[in-house]
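First up is the structure itself, then whatever we jot down about it.
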Amino acid sequence: MTREPPPPSTPPTKAHVVRCPGCGGPSRYAPDNPFRPFCSERCKLADLGAWANEEFRVGAVEDADGPLDDAPESGSARPPRH
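Numbering (the numbering used here), first residue to last: 82 to 163.
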């Protein structure tokens, strides 16, 4: 009874060092950095807090026809289900 050798492991890839979007310091952009692209949990949570406080916004262009609401015209809507 012979055992097959384990599959060859992939060589480790060189981690890229990028600028942390939170503090501007160096950050390892690699799978072993759970905070990537941030350098630390502190920077990651500070960014999350900024989004939660609506300090950042995603730009949008309003449609000339009106809002992007898919609701039917008034009078044909069903009452809400509870």
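We treat Cβ as the ideally placed atom computed from N, Cα and C, and that holds for glycine.
Residues that DSSP places opposite residue i in a beta bridge
i	result
P107	R100
Boundaries (first-last residue) of the alpha helix (DSSP H) holding residue i
i	result
E122	122-133
Option nearest residue i by Cα separation, candidates the options
i	options	result
C101	E85, N134, V139, D128	D128
A96	E122, P86, R117	R117
Within 8 Å, strictly: CB atoms of residue i and residue j
i	j	result
V98	R84	no
P112	C120	no
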